[in-house]
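Novice: Before I ask anything, here is the structure I am working with.
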Amino acid sequence: MIVRPCRPEDAVAVRRICVATGDAGEHSRHILRDPELMAHVFAGPYLALQPRLCFLAEISGQPLGYAVAALDSTEFYHRWQREWSPAFAVSHPLTGAEERSDDADEHLRLLLHRPLRMLLPDSGSYPSHLHINVLSGARRSGLGAVLLRTLFTALEQAGSPGVQLGVRATNAAAHAFYRAMGMTRLPLDDGPAIRFGRPLGG
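With the sequence shown counted from 1, adding 435 to any position gets you my numbering.
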């Protein structure tokens, strides 16, 4: 197993893994008409704007998982809106109906253009946030743990005092994994998602 910083040529593999695991570990096609929206929101902007905090795990040259993070979530989402969102003005325009819709595609399209909606509370104690995705066949192999430890170290070295993430409330396996990695459940859950956080640098 090798865990290494992402290179520009890894973007295709990272996006593929993101789409293949975007529905609580299952393929995004089960919940989206346009599964690529998952990668536009949860992979692409990190590779483009925070490449030093993007890591890929592979075995025998086969990419099996990745972890990405933003050091300062508020700053990151502002940059996203300035530098990432405009690229989708034509291909994924806002129609005005997204605010009132429960449709998953429209919800992600709204986040694509209004990323500050994803800003989580406790940004003082946990200013960083992360995403981790591992293909189903590579889970329970220790690969995810190595990815997270690598990312925690990178965030600590960058000066982050804490990192958090959101996870679906029904994803019990993920909850157990994050607890095993030293993360604890945080208050102020966000609808169908709950939050886990970990102090860093102490």
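Each residue gets a CB set at the ideal place from its N, CA and C atoms; glycine is no exception.
#1: Evaluate the contact criterion for the segment 601 to 616 versus the segment 516 to 527: three or more CB pairs, one atom per stretch, below 8 Å.
#2: Quick one: what does DSSP say Gly500 is sitting in, helix, strand or coil?
#3: What is the DSSP secondary structure of Arg620, reduced to helix, strand or coil?
#4: In terms of DSSP beta bridges, what is Ile494 paired with?
#5: Span of the alpha helix (DSSP H) holding Phe511?
#6: In this structure, what does DSSP give as the bridge partners for Asp458?
#7: Below 8 Å, how does it come out for the segment 523 to 538 and the segment 487 to 500: are there three or more Cβ pairs, yes or no?
#8: So the alpha helix (DSSP H) Val476 belongs to, where does it begin and stop?
#9: Which residues bound the alpha helix (DSSP H) around Gly579?
#10: Going by other Cβ atoms of all chains shown within 10 Å of its Cβ, with 16 needed for buried, is Ala455 buried or exposed?
#11: For Val447, name the three-state secondary structure that DSSP assigns.
#12: Name the DSSP beta bridge partners of Arg630, please?
#13: Grab me the residues of Ala478's own chain with a C-beta within less than 6 Å of its C-beta, minus the 5 sequence neighbours each way, in chain order.
Specialist: Taking the geometry as given:
#1: Taking a cut-off of 8 Å on C-beta distances, the segment 601 to 616 does not touch the segment 516 to 527, as fewer than three cross pairs fall below it.
#2: On the sequence shown, residue 500 is found 65 positions in, with the first residue counted as 1. Residue state, collapsed to three classes: strand.
#3: On the sequence shown, position 185 is the one that residue 620 refers to. Correct three-state label for Arg620: strand.
#4: Taking the sequence shown and counting its residues from 1, the one referred to as residue 494 is at position 59. Ile494 pairs with Gln497.
#5: Position 76 of the sequence shown, counted from the first residue, corresponds to residue 511. Residues 508 to 514.
#6: Position 23 of the sequence shown, counted from the first residue, corresponds to residue 458. Looking at the DSSP output, Asp458 bridges to Glu461.
#7: The way I'd put it, the segment 523 to 538 doesn't touch the segment 487 to 500; fewer than three beta-carbon pairs between them come closer than 8 Å.
#8: In the sequence shown, counting from the first residue as 1, residue 476 sits at position 41. First-last of the alpha helix (DSSP H) with Val476: 471 to 477.
#9: Here the question's residue 579 lines up with position 144 in the sequence shown. Here the alpha helix (DSSP H) through Gly579 covers 578 to 592.
#10: Residue numbering aside, residue 455 sits at position 20 when the sequence shown is read from its first letter. Answer is buried; the Cβ neighbour count reaches 16.
#11: Looking up residue 447 in the sequence shown gives position 12. Note: Val447 maps to helix in three-state DSSP.
#12: On the sequence shown, residue 630 is found 195 positions in, with the first residue counted as 1. DSSP output for Arg630 lists Gly601, Leu621 as bridge partner(s).
#13: Reading the sequence shown from its first residue, position 43 is the one you call residue 478. The answer, listed in chain order, is Val449, Arg450, Cys453.
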